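Heads up, the thing below is written out as structure tokens.
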Amino acid sequence: MKFQVPRGTFDVMPEKSAAWQALEAKARALSTGYGYAEIRTPIFEATELFLRGVGETTDIVSKEMYTFADRKGRSLTLRPEGTAGVMRALIEHGVAQAGRVHRLWYLGPMFRYDRPQAGRYRQFHQWGAECVGSDQPAADVEIILLLVDLLAGLGLGDLVVQLNSVGHPGCRPAYQEKLRDYLRPHLDTMCADCRARFEKNPLRVLDCKVPPDVAIAAGIPSILDSLCDACRTHFDLVQKGLAEQGVRFALDPKLVRGLDYYTRTAFEVHDPARGAQSALGGGGRYDGLIAELGGPGVPGVGFSAGLERILLALEERGLAPGAEGPKLYLARAGGEGVERAAQALLRELRARYSAVADLEPGRSLGAQFKQADRIGAVAAVILGEDELAQGQATVKDLRAGTQEKVARAELAAHLDRLLESLPRPENAR
Ligand code: AMP
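Using this note's numbering, the letters of the sequence shown correspond one by one to residues -4 to 424.
As structure tokens, then:
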């Protein structure tokens, strides 16, 4: 029997993990720079949380959840997105309170049972941020800037933010009626899903990927014409704030996003170089979500971005950092004393650099150098009987082929200089 990864999942093999780590480190550093603190919530939650939080009429909930009963018969679901769990945690810990702002970020796997293809997986990873407790347009701007700054910092500065306002429960019903009026004559030609959406939540028709519905949706009345004054002012201020920060954005009145909880601002960032699965990230405001989940009426705004898609965009542009092996190889030749000293030296080197040595004692120096070459080490530190007797080590620069004896007290400074002089990998930043 040959085991394989489950459909829609993948292994991150060591050659790829450097790119993952670099991306995660940047997301972490930038989130911290923006004053956001990390929150970690469980990978599974009560199914009801997503029914209520994400919305029963969304594709995510109606078709894509990994739901199972545990041994006590409780219905649990592998989280399909991060926001509902984060809001649950804020409510549960009693910290979602009016007038208190929480800036939070998370990173981790999400699960959706969707048809796998390039850029679409059943287990994927999101980096997300939530700014909870403020209804100010400045919060929307801050959240969008955090995402844009990460992408720009990675070299993806050519992306455009698609922006929309989906109004709020006060002004949206009027638009939904307008939308029904527009869609009614097309009902017969619409897909079965959209016919159901027409009644329950006609905004979802705008998300439909079925060709006739896409054509029908192309002519819809713009939601921006139906916004109430407060939503309109909010949206204007968000646009002004983004423009002042030099963020390129385009209005897209059809952008409603696949989750029900959005109010007012909705946005997505797309990679123009990709056709399908081009959204790298997206988010919006969710002023009613915390109350919907049983908490107080506290507003919020957030985004999530797909790490796989960002990595694909980086790879396509030749910007993904390559794998890096250990930089140092410790070679030794001698008796038991040398062997013992070599093991101690290896441990010292590892505290400061990445270093390996042959696991098998007594192999020829030639065989050890071959290994050093194979792993791409930059330098070999060589310990023999002479070096041991004189309190020295030989350092061989494996690129230049030169070598010199260095006093043990000088070894660290010497290696620092040698490793610092390395040409930086082309796409390291
Ligand atoms: P969403 O929560 O659907 O708005 O997704 C936010 C981001 O997560 C998207 O812009 C994608 O980058 C990523 N994403 C969503 N679904 C998937 C998936 N099935 N596979 C890979 N990435 C995904």
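Heads up, the beta-carbon is just placed ideally off N, CA and C, and yes, glycines get one too. As the structure is a computational prediction, the values presented were derived from the model and not from experiment.
Backbone secondary structure at residue i - three-state DSSP
i, result
"G276", "strand"
"H409", "helix"
"E70", "Here residue 70 turns out to be Ser, not Glu, going by the sequence shown. Note: S70 maps to strand in three-state DSSP."
"A423", "Here the model assigns A423 a pLDDT of 41, short of 50, so the residue's position is not dependable and the matter cannot be decided."
"S416", "coil"
"V200", "helix"
"T184", "helix"
"T389", "strand"
"T260", "strand"
"P104", "strand"
"T42", "helix"
"F298", "strand"
"G123", "strand"
"G379", "strand"
"Q92", "coil"
"V293", "coil"
"A428", "One cannot answer for residue 428 here, as it falls past the ends of the chain, which runs -4 to 424."
"L232", "helix"
"R335", "helix"
"T36", "coil"
"Y170", "helix"
Nonlocal neighbours in the same chain, by C-beta distance under 6 Å from residue i, ignoring five residues either side
i, result
"R327", "V333, A337 and L378"
"I305", "L275"
"L146", "L154"
"F246", "First, the residue type needs correcting, since residue 246 is Leu and not Phe in the sequence shown. L158."
"A17", "P316"
Member of the options whose CA lies at the smallest distance from the CA of residue i
i, options, result
"K322", "S129, R394 and F63", "R394"
"L102", "A124, K249, E43 and E415", "A124"
"D176", "P164, D6, E194 and N159", "E194"
"K370", "A14, E319, P207 and E382", "According to the sequence shown, residue 370 is Ile rather than Lys. Checking every option, the nearest Cα to that of I370 belongs to E319."
"P248", "F262, E415, Q240 and S416", "F262"
"K391", "D368, L383 and Q385", "D368"
"A22", "W122, G150, T78 and M82", "W122"
"K173", "L149, L219 and L151", "L219"
"L182", "I211, E287, E355 and G278", "I211"
"H97", "A41, P37 and I86", "I86"
"R35", "D353, A79 and G165", "A79"
"E287", "M82, L417, D54 and A32", "M82"
"P206", "D65, R347, L151 and C186", "C186"
"W100", "R312, F298 and G94", "F298"
"D255", "D54, F119 and A362", "D54"
"H113", "T184, L71, R2 and P197", "According to the sequence as given, residue 113 is Ala; it is not His. Answer by Cα proximity: R2."
Buried or exposed by the 16-neighbour rule on C-beta atoms within 10 Å, applied to residue i
i, result
"F230", "buried"
"R74", "buried"
"A213", "exposed"
"E382", "buried"
"R424", "Residue placement at R424 is flagged as unreliable, the pLDDT there being 38, under the threshold of 50; a coordinate-derived value is accordingly withheld."
"E137", "buried"
"E421", "Because E421 sits at a pLDDT of 44, beneath the cut-off of 50, its placement in the model cannot be relied upon, and the following sentence gives the value as read from the coordinates. Flag for E421 reads exposed."
"S160", "buried"
"R47", "buried"
"A315", "buried"
"V56", "buried"
"G89", "exposed"
"S12", "exposed"
"M(-4)", "exposed"
"R280", "buried"
"G50", "buried"
"P432", "Residue 432 lies beyond the stretch modelled for the chain, which goes from -4 to 424, so this question has no answer here."
"F(-2)", "exposed"
Sequence-distant residues of its chain with Cβ nearer than 8 Å to residue i (five each side left out)
i, result
"V143", "L154, V156, V242 and V264"
"G162", "Y170, I218, S221, L222, C223, C226, T258 and R259"
"P37", "R74 and G80"
"A407", "R347"
"D208", "M185, C186, C189 and V200"
Residues near residue i by beta carbon distance below 7 Å, same chain, minus five either side
i, result
"A375", "Y324, A326, F364, A367, K391 and L393"
"L344", "L323, L325, A350 and V376"
Proximity test, Cβ basis, 9 Å: residue i and chain C
i, result
"A238", "No chain C appears in this structure, which consists of one protein chain only."
Residue i Cβ short of 8 Å to the ligand ATP heavy atom set
i, result
"M82", "Ligands in the displayed structure: the ligand AMP; the ligand ATP is not one of them."
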